[in-house]
Amino acid sequence: MKKITGRPQPFGTVVKGTTVNFAVQVPTGKKCELLLYKEGKTRPECTFDMPQEEGIGEVRFLAVENIDAGKYEYNFRIDGRVCLDPYVREIAGKKFFGKKRNLQEHEMRGKLVSPEYDWENDRRLHLPWNEVIAYSLHVRGFTKHSSSKAAHKGTYKGIIEKIPYLKDLGINQIQCMPVYEFEECTKTKINYWGYGPAYYFAPKEAYSAGGSAVHELKDMVKECHRAGIEVVLEMPFTQEVPAQTALECLRFYMLEYHVDGFVVNPYSVPWEMLNSDPLLKDIKLMRKDDAFQNIMRRFLKGDENMINDVMWALSHHSASDGKCNYITAQTGFTLWDLVSYDCKHNDANGENNTDGPDYNYSWNCGAEGPSRKRAVMTLRKNQVRNAFMLLLLAQGTPCILAGDEFYNSQKGNNNVYCQDNEIGWVDWSRLKTDNTLFTYVKNLIAFRKKHPCLHRAEELKGLDRTACGMPDVSYHGENAWQVNAEVYSRQLGVLYAGEDLGDTECFVAYNMHWLPHNYALPSPGKNKRWSSAAATENGVEAVLVPVDDQKKITLKERSITVLVSEKQPGKPKKTPARTKKASAKDGGQEKQ
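Using full-length UniProt numbering, the letters of the sequence shown correspond one by one to residues 1 to 592.
As structure tokens, then:
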């Protein structure tokens, strides 16, 4: 090996045959060295000076030729301290999650990653926002529990094993919590979620089942795409990361890993900058926003003065601002805990229950925590089904928290950031015990997909799009075309027109009150009738059932009903009198 003149851009390393270029930012006046190690070793085999006078500005660079990149690892030593490359593409020495390493003892090193990978003509999917059913998961926690039965628990390969499950449910996008190389060992706790300082360009080695986190993350993306599932990465950069570096990182994952989108913190990276970047124009950029969550949680438990907010939440279009709809996310309760606890129970976190959000808009349905009371359990399951109705019948892109579809619980902990254990992992045994909710959600997702009026490609306008006398959306109450939006009201009827989409009309009646209520039914159109299609109690109907009274329906307490329009069956035509006489006279043979 020998040192030759290198290039100052791009930062990090570039492997090209038997030559590797190294470029790193170093403050003026500080000494910098390149350390090269034989693969897996903790003692440098070669050291190359990177003097300031050979650099440009604050960038030091060189190239090494005649090197077998796959057999070497590297670090920089700056002013006597060993440093990982901020742009490192993969890190060796962090295979075991939660095990502390000493960088100054060379226990972590950067890998020299070759660009070769067979993508097999893979392309990003570009699914329209309105057709996405998203699913938020933690790569480790999704399959780490023994009940997952995954062969490669807690890894990218574990996600691949669950692709048939996701497809069966109806999911076509996964949103992954941080998969980059974060430091999971803090002074007192495990950093399970991955928020905080990190090496953002390197996929996490502890999430790989074999030898290459780079290849396994690419495998996961490729297999998801093959199944029609987009992959979105959560990238919550810290405030210390320059905006330009964050932008480079998103471009890198889009180009190098074929990632379909990102969830970013707009307070750390300027939202306008990301949306104006030409390379990111056709990618999904998302940002967390709890407006939909808080509105629907409050409506679900029966808070007053929510109707106007609910109308906004139901019609909000995610493509307009990158905000998906979710009722539960990693921060806060799971859906089962949302209906089982009034208060957070974070004692296991070791912070005297002071961590995590205090206001969850939750309701325990009459008992705090686990209960054997039939009435309590029946009400909780009813509320969970209502929550899925609220989520999946709204116009915006819905996002389901992993495990919510089979009552996954975190035992009342609403902030499992440090719980790398059965509290934070998804417990699949609940699916094996009772799969009725899974089937309910699966059917509801299929119903949403079947009816374009429930997920229009463009934002609702409240206008008659086809001059058919019916706006694309209208709101109703005890009287047709009149909303009961008073402070005390907890009921709403929403009519979605579908004729311009080749769809039926859909009428959704929401009653979050603890008392039954009547709803006036607007006309579904000429020669049409309303039929029952879905309801909180039984889910999606296997066969449409015409409602008895076409003028009004009654909803029981805390329930949602969905009606769809059908063509009225035609009345049988009367046989002309002459034909009847002829038939009788000729023994049933009509005269010609």
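Ideal Cβ positions, reconstructed from N, Cα and C, are used throughout, including at glycine.
- If you draw a straight line from the Cα of PHE142 to the Cα of TRP425, it comes to about 6 Å.
- Distance from the CA of ARG456 to the CA of ALA446, rounded to the nearest whole angstrom, comes to 15 Å.
- Taking every protein chain shown into account, the CB of PHE406 has 16 or more other CB atoms within 10 angstroms, so this residue is buried.
- Assigned with DSSP and collapsed to three states, ALA535 falls in strand.
- Taking a C-beta distance under 7 Å as the contact criterion, VAL494 and ALA534 do not qualify as a contact pair.
- Take VAL14, set aside five residues on each side of it, and the residues of its chain with a beta-carbon closer than 6 Å to its own are ASN21, in chain order.
- For LEU335 and ALA402, the gap between their C-alpha atoms comes out near 10 Å.
- The alpha carbon of PRO27 has as its nearest neighbour, out of ARG123, ASP277, SER208, MET50, the alpha carbon of MET50.
- Annotated three-state conformation of LEU127 is coil, per DSSP.
- For TRP530, the three-state secondary structure derived from DSSP is strand.
- In the DSSP assignment, CYS224 falls within the alpha helix (DSSP H) that extends over 213-226.
- Annotated three-state conformation of ALA92 is strand, per DSSP.
- Beta bridge pairing from DSSP links MET235 with VAL264.
- Looking at ASP358, PHE97, LYS222, ILE78, the one whose alpha-carbon comes closest to that of CYS418 is PHE97.
- Secondary structure of GLU272 (DSSP, three-state): helix.
- At a Cβ-Cβ threshold of 7 Å, CYS453 and TYR496 count as neighbours.
- Judged by pairs of C-beta atoms under 8 Å, the stretch 384-397 does not touch the stretch 98-114, as fewer than three such pairs exist.
- The three-state secondary structure of GLY502, taken from DSSP, is coil.
- Taking the Cα of ASP168 as reference, the smallest distance to any Cα among ALA227, GLY210, SER208 is reached at ALA227.
- DSSP places LYS301 in the helix class (H, G or I) of the three-state scheme.
- Excluding the 5 residues flanking it on each side, GLY322 has same chain C-beta neighbours closer than 7 Å at LEU285, MET286, ARG287, in chain order.
- In this structure, ASN413 is the residue among ASN413, ALA313, LYS157 with its C-alpha nearest to the C-alpha of PRO357.
- Residue pairing by DSSP places MET286 opposite VAL263 in a beta bridge.
- Distance from the CA of HIS225 to the CA of GLU105, rounded to the nearest whole angstrom, comes to 41 Å.
- For GLU107, there is no enclosing alpha helix (DSSP H), as DSSP gives it neither H nor E.
- Per DSSP, reduced to three states, the secondary structure at CYS399 is strand.
- In the three-state DSSP reduction, LYS552 falls in the strand class (E or B).
- Taking C-alpha positions only, TYR165 is separated from LYS449 by approximately 18 Å.
- Cβ-Cβ separation between VAL564 and LEU393: approximately 12 Å, too far for a contact (criterion under 8 Å).
- Annotation: the continuous alpha helix (DSSP H) that includes LYS167 extends over 163-169.
- Bridge pairing for VAL59: GLN25, ILE56 [DSSP].
- The alpha-carbon separation between ALA243 and HIS476 amounts to approximately 47 Å.
- Taking a contact as a CB-CB distance under 8 Å, the pair GLU223 and ILE160 counts as one, their CB atoms being some 5 Å apart.
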